[in-house]
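Structure record follows, encoded as structure tokens.
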Amino acid sequence: MNEKELKIPFNNPLNSLDTESQTYGCRQNNPNICGNNGIPGICAFASDDNICRKPSRAWKKQFQKLNN
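Residue numbers for the sequence shown follow the numbering used here, so the first one is 25 and each next one is one higher.
This is how it looks when you write it as structure tokens:
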């Protein structure tokens, strides 16, 4: 999967793999300045399963909003 396909807009509907503590793909507005960008096992771009395990602090609230 290419990088463009892994950039998911913050307001997009939830993916079945999204939780309060992880997202499928990257939902950062600017992934290039993310402190976790490229870290294997944490960053969606550097993980085989395309899961971001350290989304932004705002993600938990956004997840709850999108889940309702």
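Cβ atoms here follow ideal geometry from the backbone N, Cα and C, with glycine treated the same way.
Open item on the list: Helix, strand or coil, according to DSSP, for Gln52 in the structure here?
Closed with: coil
Task: the region 59 to 67 contacting the region 36 to 45, beta-carbon criterion three pairs below 8 angstroms - done: no
Task: 8 angstroms Cβ cutoff met for Gly49 and Asn26 - done: no
- [ ] Below 8 angstroms on the Cβ atoms is my guess for Phe34 versus Asn53; work out the distance and round it to an integer in Å.
- [x] 7 angstroms
Open item on the list: Tell me which residues share the same chain as Pro37 and place their Cβ nearer than 8 angstroms to its Cβ, disregarding the 5 neighbours each side in the sequence.
Closed with: Leu90
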